[in-house]
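Residues in the sequence shown are numbered consecutively from 1404, following the working numbering.
This report concerns only the one structure given below.
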Amino acid sequence: MKLLVTGGAGFIGANFILYWMKYHPEDHVVNLDSLTYAGNLENLITIEKHPHYSFIHGNICDPVVVEKAMQGVNMVVHFAAESHVDRSIMEPAAFIETNVTGTQVLLDGAVKAGIERFHHISTDEVFGALSLEETKKFSETTAYNPRSPYAASKAGSDHLVRAYHTTFGLPVTITNCSNNFGPFQFPEKFIPLAITNLLEEKKIPVYGDGLYVRDWLYVEDHCRAIDVVLQKGKIGETYCVGGVTEDLPAGRQGISNIEVVKKILRLLGKDDAMIEYVKDRPGHDRRYAVDWTKINRELGWKPEHNFDEWLGKTVTWYKENVFWWKDVKSGAYTSYYKKQYGGDK
Ligand code: NAD
Ligand code: TYD
1404 MKLLVTGGAG FIGANFILYW MKYHPEDHVV NLDSLTYAGN LENLITIEKH PHYSFIHGNI
1464 CDPVVVEKAM QGVNMVVHFA AESHVDRSIM EPAAFIETNV TGTQVLLDGA VKAGIERFHH
1524 ISTDEVFGAL SLEETKKFSE TTAYNPRSPY AASKAGSDHL VRAYHTTFGL PVTITNCSNN
1584 FGPFQFPEKF IPLAITNLLE EKKIPVYGDG LYVRDWLYVE DHCRAIDVVL QKGKIGETYC
1644 VGGVTEDLPA GRQGISNIEV VKKILRLLGK DDAMIEYVKD RPGHDRRYAV DWTKINRELG
1704 WKPEHNFDEW LGKTVTWYKE NVFWWKDVKS GAYTSYYKKQ YGGDK
């Protein structure tokens, strides 16, 4: 089996390639990545010389590159995207280009190459926002209501993937997952930003009142969910993938950002003085929660990594891999940070 993974130098894509090569050593993996600010080949240093792994430096929006990359490929696992909501508010154009046009170019390439499976990685953000008062969760039947340019571009890509299934008979599957956390996450996203700021004795910027809720999924659980869908998922179907929630006290709708911050402060022995409330994100979605009953019932998957324990292990990973994030936090990232937070926080 030969897999083409797009965006494999990014956070989830790299974790997925490492996972796949560990659990499916007989397979060949081709990684197609244009190495934007979020792509980092350091993530794959342990397998870069593996005879079953190869890397193509190229853009998914380029049909010539895509056609070449798909030669001899059985399955495409499509992660490549512009993925940060705050950047999509600053500069939406790149999100439409990569997430919508790039996906369409890949789909065309997949139809031409007769790909046996095109798996598209999407997000729960396409469903919009839940309130703190309701107990509702997002599921496969929730209507789309994207509220940021990022979410709108991912919604557009989901619609295209389904349309190519209906119109051209392309064998597709989609997963819509919640917020991932774990090793190799670029430190502009909330959890690695909080951890690395504290490790640099800088404050944690908390948007608005800090009562926003995310559904946290450990990245390895996500990789296993994709594996299960690739092995047993039904063609044309969508599966929602979310994190462990059993530890929540009754009546609680999720873990708020401020609670996440406090857990990280405790893990690193810091106090609340390191919290800095900053200007809220425009159109900030209040709450996400994912109902993963369908993938559990039909394919037997469930999240296995409990949030507190794996947040602790994630903090340890960032403590032990300072060289990794120091590198990525320098350079171009510094100017983004200044623009987003207006200073050297
Ligand atoms: P990331 O930003 O860490 O990585 C994205 C990767 O895609 C990078 O390696 C980048 O270089 C590459 N890329 C970007 N534009 C490209 C292009 N035009 N051509 C080729 N490569 C390109 O993203 P991530 O957090 O790993 O997310 C991966 C996927 O999962 C995305 O599709 C995202 O929408 C989805 N997702 C992420 C989360 C999350 O919590 N991180 C949650 C739900 C869904
Ligand atoms: P983020 O990691 O950007 O993921 P998403 O917006 O895709 O859910 O943000 C997670 C949550 O953390 C979200 O509610 C916004 C909030 N947040 C902050 O409070 N401060 C920050 O500096 C960042 C980056 C995010």
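From the three backbone atoms N, C-alpha and C, an ideal C-beta is built for every residue, glycine too.
What you are looking at is a predicted structure, and each value in this text was computed from that prediction instead of being measured.
The alpha helix (DSSP H) enclosing Leu1714, as first and last residue numbers
Phe1710 to Glu1723
CB of Cys1464 to nearest heavy atom of the ligand NAD: below 7 Å?
yes
Same chain only: Cβ atoms within 7 Å of Thr1599, ignoring 5 sequence neighbours per side
Pro1590, Tyr1721, Trp1728 and Lys1732
Would you say Asp1683 reaches chain C, if we count a Cβ-Cβ gap shorter than 8 Å as a contact?
You won't find chain C in this structure, because it holds only one protein chain.
Under 6 Å Cβ to Cβ from Thr1556, same chain only, skipping five residues before and after it: list those, please.
Checking the sequence, you will find Ser at residue 1556 rather than Thr. If we look at Ser1556 and ignore the five residues flanking it on each side, its Cβ neighbours are Phe1498, Ile1499, Asn1502 and Val1503.
Is it the case that the Cβ atoms of Phe1541 and Val1693 are separated by a distance below 8 Å?
yes
Does the Cβ-Cβ distance between Val1408 and Asn1446 come in under 8 Å?
no
For Phe1541, the three-state DSSP class (helix, strand or coil):
strand
Got a sec? Which residues, its chain only, sit under 8 Å from Val1468 by beta carbon, not counting five neighbours each side?
Leu1435, Ile1459, Gly1461 and Asn1462
Using the beta-carbon count (16 or more within 10 Å), is Gly1416 buried or exposed?
buried
Round the Cβ separation of Asn1548 and Gly1531 to the nearest angstrom and send it over; I've been treating them as touching at under 8 Å.
3 Å
Met1677 to Ala1566, Cα distance in whole Å?
48 Å
Is it buried or exposed, Ile1594, if we count other Cβ atoms within 10 angstroms and call 16 or more buried?
buried
Between the region 1653-1665 and the region 1623-1634, are three or more C-beta pairs nearer than 8 Å?
no
For Lys1515, report the span of its alpha helix (DSSP H) as first-last.
Thr1506 to Ala1516
From which residue to which residue does the alpha helix (DSSP H) around Glu1623 run?
Val1622 to Lys1635
Helix, strand or coil for Val1693? Go by DSSP, reduced to three states.
strand
Ignoring anything shorter than 3 residues, give me the beta strand (DSSP E) runs that lie fully in the region 1635-1677, in order along the chain.
1641-1644
Distance CB(Phe1584)-CB(Thr1717) smaller than 8 Å:
yes
Let me check you understand the geometry: is the CB of Asp1612 closer than 7 Å to at least one non-hydrogen atom of the ligand NAD?
no
Relative to the C-alpha of Lys1425, which residue among Asn1443, Tyr1456, Leu1651 and Ala1412 is closest?
Tyr1456
Using 8 Å as the cut-off, can you tell me whether the region 1468-1485 makes contact with the region 1517-1525, which would need three or more C-beta pairs spanning the two stretches below that distance?
yes
Among the candidates Leu1614, Ala1554 and Ile1492, whose CA atom is the shortest distance from the CA of Glu1536?
Leu1614
At which residues does the beta strand (DSSP E) containing Tyr1610 begin and terminate?
Ile1607 to Tyr1610
Assuming Asp1527 and Asn1477 form a contact by the criterion Cβ under 8 Å, report the distance between their Cβ atoms to the nearest whole angstrom.
Contact doesn't hold; Cβ gap of about 28 Å is too wide.
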